[in-house]
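Student:
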Amino acid sequence: MQKYLSKLFYVLTGTKRKLALILLAFISTSVLEAFGIGLIGPFFSIASRPQVIQEVSILDGIYQKLGLQESSQFILILGLVIVVIFCVQSALYFLAQTYIYRYSFNQKTRLTSRLMKSYLAAPYTFYLKQNTAAIIKNILTETNTFTQNSLQALLILITNLIVTAVLLILLAYTSPLLLVMILGILVPVFLLFQRLGNKFQNWGQIQSQTQSEMVRVINHGLGGLKETRVIGCEEYFENQMDREAQKYSRAATLFQAAQLLPNILIKTCLLVFVVLFISLSQVFFKNNGQDLTAVMSVFAVASVRLIPASSQLIQSIGRIRNSSHALDMLYLDLKEIEKREVYVYKNRELLPESKNNGLGNSRFNKNQAMTFVNQIDLTNVTYHYPDISEPAVKDISLSLKKGESIALIGKSGAGKTTLVDVILGLLEPQSGDIQVDAVSVYDNIRSWQNLIGYIPQSIFLIDDTMERNIAFGVADAQIDSERLHKAIKAAQLEELVEQLPEGIKTSVGERGVRLSGGQRQRIGIARALYHEREILVLDEATAALDNETESRVTEAIKSLAGTKTMIIIAHRLTTVEHCDRVYCLERGRVVKSGSYQEVVLEG
Ligand SMILES: Nc1ncnc2c1ncn2[C@@H]1O[C@H](COP(=O)(O)OP(=O)(O)O)[C@@H](O)[C@H]1O
Ligand SMILES: [Mg+2]
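Numbers 0 to 602, taken from numbering that gives the first Met the number 0, label the letters of the sequence shown in order.
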């Protein structure tokens, strides 16, 4: 439970003070209600037997104080007090409930934003092992589960715990025998549910997992719709979806059905006990009827509240158990990413030379732009993927001056992309350093990345207009149309834009389905050019283009040589002819370097 709370408080965003306030509102309405219920007993007794006022000293005292002449007036006043209490309680209850909804949906909003922010900030390696289906599920459904089944259920649990306790005390005061009987019902039901606890957890886990599986099946089936259709394997995905949906329904049905049990069990048992109590007390004790009426009226009214309170109490334990998997998922992801954020480039701090830079160059703070005047140096960069001992990139040192272009060549799997990902700051090398003008990029990775434009082999396009795809991540009002046209021209996209019905305002479709591969690729190039970055990194950027387009794009790239610093991975060697230096990689190492002449023609 303690662990559960610490996780819950970690996932909870914003102040916890509001939570205390809600709890207070909850408790006060409940206590008010219990108090009102407590007054109903005496009210009934007095109404049926006014002489009770004289017999009970407290009532007599109040009666004298108020200076009333008749007991009917007292009954009226007591009735009014009860009415007022219930009216105030109802109003408070409504306000408190509304507040809870506002608070919990607010929590959901904050949590959703916090998750989005965390996932965007997560180190690239996080995505090497995490499926996006699980992330989509966390953001969309687990936030709901958290607010409803963790947060609200916890509040309901605490409130009902208090209400139940108050009512039981009230009952103990009226009749200890009844208390024992009621506990005789509640405790077994509670214990039964306690035993079911693991089942609740299990159902919750199944519900959570099947939901992420369903997103995955959608991604797989629809993501590769062309392949699915041509191969004709729709049924395969249909069956997968069907299986997951059924698993989900089964778990949800069991959970919901089990949630009905406390109410039903308590109600039935209570009814049986009431009937038995009355019958037996008549048979064995020949109890006088009037005492019984008073006792039973408190009991009956208390039951009106005791049944829902105790069954809600038990239900909320079930909900909490059910949501514990969701809470774990959110907690683990947030914890992992947020912890990493603090320790970003922790390895780096261990390197003495960077440490010197970090401390020595205090002018390099987060907001400072990195200057690039002379050259970039990679020294002994080694990277191996998590859990893989063989490094994908080993001991690589290279330098390039501003305005130079270098090419990385080598067979597939040689480590070119990995090296580029390290240069892009996506992967943090286990050893070695990258320096710009003798300043480590790890002192301020963001401003290093601000220098880089990246064009991968397959461009990611958003389902939006050409314009927004080129000026990726820039708000409409801030899009510079002159820069846009320059980028379009340089990327050889002018002709296409002229043909399109709405020009640059034409939508490209999801992942660019309305464009050809070559056109998509040129949008990627235009995007890198639009952002006017100093250094361009091209990872097989022209590999998907036809010969003619490729040579046109290569021309465009070549024309930038000298003005931009470029790192080019090429599968077709002719496209890197113009590069100042060529590095040939093999199994993560540079095996040869020199001019194009030396490496490609003579090698
Ligand atoms: N996420 C990953 N986890 C583990 N190994 C990887 C991962 N990505 C790539 N590798 C391995 O690293 C090596 C280099 O891959 P990569 O840099 O993509 O080669 P290239 O771009 O030269 O074709 C390959 O052996 C590949 O299997
Ligand atoms: Mg590659």
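C-beta atoms are modelled at their ideal positions from N, C-alpha and C, and glycine is treated no differently. Computed from a predicted model, the values in this text were never measured in an experiment.
1. Output yes if chain C places a C-beta closer than 9 Å to the C-beta of N130; else output no.
2. Report, in whole angstroms, the separation of the C-beta atoms of V214 and K136, which I expect to be a contact under 8 Å.
3. Output yes or no for whether 9 Å exceeds the beta carbon distance between I217 and I26.
4. Mapping DSSP to helix, strand and coil, what is E54?
5. I'd like to know whether the C-beta atoms of L114 and I21 end up nearer to each other than 9 Å.
6. For my contact list, A527 and I454 are in at a C-beta cut-off of 8 Å; report their separation, rounded to the angstrom.
7. Can you tell me whether DSSP reads C583 as helix, strand or coil?
8. Using CA atoms only, rank isn't needed, just tell me which of I522, A256, Y582 and R586 is closest to V598.
9. Indicate, with yes or no, if ligand 1 has a heavy atom lying under 8 Å from the CB of G412.
10. Considering just the uninterrupted stretch of the beta strand (DSSP E) at D538, what are its terminal residues?
11. Does DSSP put A476 in a helix, a strand or coil?
12. Quick one: give me the first and last residue of the beta strand (DSSP E) that D394 is part of.
13. In this structure, does DSSP put S361 in helix, strand or coil?
14. Look up I451 in the DSSP assignment and give the residues it is bridged to.
15. Is Q456 near ligand 2 - that is, is its Cβ less than 8 Å away from at least one heavy atom of it?
16. Could you tell me if L407 is buried or exposed, where buried requires 16 or more neighbouring beta carbons within 10 angstroms of its beta carbon?
17. Using alpha carbons as the reference points, say which of G60, Y92, L333 and T131 lies closest to T12.
18. Does the region 236-244 touch the region 161-176, meaning 3 or more C-beta pairs lie closer than 8 Å?
19. Spatial neighbours of A244 within its chain, please: CB distance less than 8 Å, with the 5 preceding and 5 following residues excluded, ordered by chain position.
20. Give the range of the alpha helix (DSSP H) segment to which Y382 is assigned.
21. For N159, which residues from the same chain have a beta carbon less than 6 Å from its beta carbon, with the 5 sequence-adjacent residues on both sides left out?
22. For E466, which of V435, I451 and G523 has the nearest alpha-carbon?
23. Could you check whether the Cβ of I567 sits closer than 8 Å to any heavy atom belonging to ligand 2?
24. Measure how close the beta-carbons of L399 and T564 come, nearest whole angstrom, since I'm counting them as under 8 Å.
25. Roughly how many angstroms separate the alpha carbons of G78 and I45, rounded to a whole number?
26. Pick out whichever of T378, G183 and V575 has its Cα sitting closest to the Cα of V440.
27. Ligand 1 and G431: does any heavy atom of the ligand fall closer than 8 Å to the residue's C-beta?
28. Verify the contact flag: G587, CB atom, against every heavy atom of ligand 1, threshold strictly below 8 Å.
29. Between which two residues does the alpha helix (DSSP H) holding I21 run?
30. With distances taken Cα to Cα, identify the nearest neighbour of Q374 among E403, G183, R588 and F276.
31. Pull up the CB-CB distance for I566 and V536, whole angstroms please, since I reckon it's below 8 Å.
32. How about L253 and L7: do their beta carbons lie closer than 9 Å?
33. Identify whether Q245 lies in helix, strand or coil by the three-state DSSP scheme.
34. Short of 6 Å in beta carbon distance, which residues of its chain neighbour R588, apart from the five on each side in sequence? Order them along the chain.
35. Drop a sphere of 10 angstroms on the beta-carbon of R101, count the other beta-carbons inside from all chains shown, and report buried for 16 or more, exposed for fewer.
36. Does the region 118-137 touch the region 382-393, meaning 3 or more C-beta pairs lie closer than 8 Å?
Tutor: For this structure:
1. Within the model displayed, chain C is absent; a lone protein chain is all it includes.
2. Against the sequence shown, residue 214 aligns to sequence position 215. Against the sequence shown, residue 136 aligns to sequence position 137. So it is a contact: roughly 6 Å between Cβ atoms.
3. Looking up residue 217 in the sequence shown gives position 218. Looking up residue 26 in the sequence shown gives position 27. Not closer than 9 Å, so no.
4. Locating residue 54 in the sequence shown gives position 55, where the first residue counts as 1. In this structure, E54 counts as helix in the three-state DSSP scheme.
5. Sequence index remark: in the sequence shown, residue 114 carries index 115 (1-based). Sequence index remark: in the sequence shown, residue 21 carries index 22 (1-based). No, the Cβ-Cβ distance between L114 and I21 is not below 9 Å.
6. Position 528 of the sequence shown holds residue 527. Position 455 of the sequence shown holds residue 454. Indeed, because the Cβ distance is near 5 Å, the residues count as touching under 8 Å.
7. Numbered from 1 along the sequence shown, position 584 holds the residue referred to as residue 583. Per DSSP, reduced to three states, the secondary structure at C583 is strand.
8. Numbered from 1 along the sequence shown, position 599 holds the residue referred to as residue 598. When only C-alpha atoms are compared, the closest one is Y582.
9. Translated into positions along the sequence shown, residue 412 becomes position 413. Under cutoff, so the answer is yes.
10. Taking the sequence shown and counting its residues from 1, the one referred to as residue 538 is at position 539. Looking at the DSSP string, the run of the beta strand (DSSP E) that includes D538 is I534 to D538.
11. Numbered from 1 along the sequence shown, position 477 holds the residue referred to as residue 476. Here A476 sits in helix by DSSP.
12. Taking the first residue of the sequence shown as position 1, residue 394 is located at position 395. That run of the beta strand (DSSP E) goes V392 to K400.
13. Along the sequence shown, read from residue 1 onward, the residue named residue 361 stands at position 362. Residue placement at S361 is flagged as unreliable, the pLDDT there being 37, under the threshold of 50; a coordinate-derived value is accordingly withheld.
14. Within the sequence shown, the letter at position 452 stands for residue 451. Per DSSP, I534.
15. Walking along the sequence shown from the start, residue 456 turns up at place 457. The answer is yes for Q456.
16. The residue you call residue 407 lines up with position 408 of the sequence shown. The residue is buried, with at least 16 neighbouring Cβ atoms inside 10 Å.
17. Position 13 of the sequence shown, counted from the first residue, corresponds to residue 12. It is L333.
18. no
19. Stepping through the sequence shown from its first residue, residue 244 is reached at position 245. T209 and M213.
20. The residue given as residue 382 occupies position 383 in the sequence shown. That residue, Y382, is in no alpha helix (DSSP H); its beta strand (DSSP E) goes Q374 to Y382.
21. Counting from one through the sequence shown, the residue named residue 159 turns up at place 160. Cβ within range, chain order: A308, Q311 and L312.
22. By 1-based counting over the sequence shown, the position of residue 466 is 467. Comparing Cα-Cα distances from E466 to each of V435, I451 and G523, the minimum goes to G523.
23. As a first step, residue 567 is located in the sequence shown; it is residue number 568 there, counting from the start. No, the Cβ of I567 stays beyond 8 Å of every heavy atom of ligand 2.
24. Counting from one through the sequence shown, the residue named residue 399 turns up at place 400. Counting from one through the sequence shown, the residue named residue 564 turns up at place 565. Contact holds; Cβ gap of about 6 Å.
25. For the purposes of this step, residue 78 is taken as the residue at position 79 of the sequence shown. For the purposes of this step, residue 45 is taken as the residue at position 46 of the sequence shown. Their backbone Cα atoms lie some 11 Å apart in a straight line.
26. Translated into the one-based positions of the sequence shown, residue 440 becomes position 441. It is T378 whose Cα lies nearest to the Cα of V440.
27. Within the sequence shown, the letter at position 432 stands for residue 431. No.
28. Numbered from its first residue, the sequence shown carries residue 587 at position 588. Flag set: Cβ of G587 near ligand 1.
29. Position 22 of the sequence shown, counting from 1, holds the residue named residue 21. Run containing I21: R16 to S47, per the alpha helix (DSSP H) assignment.
30. On the sequence shown, residue 374 is found 375 positions in, with the first residue counted as 1. When each option's Cα is compared against that of Q374, the closest is E403.
31. To locate residue 566, count along the sequence shown from 1; it is residue 567. To locate residue 536, count along the sequence shown from 1; it is residue 537. The Cβ separation is near 5 Å, so the contact holds.
32. As a position in the sequence shown, residue 253 is number 254, starting the count at 1. As a position in the sequence shown, residue 7 is number 8, starting the count at 1. No, Cβ-Cβ distance for L253 and L7 is not below 9 Å.
33. On the sequence shown, position 246 is the one that residue 245 refers to. Reduced to three states, the DSSP call for Q245 is helix.
34. Position 589 of the sequence shown holds residue 588. Result list for R588: K393, in chain order.
35. Start at 1 with the first residue of the sequence shown, and residue 101 comes out as number 102. Exposed: under 16 other Cβ atoms inside 10 Å.
36. yes
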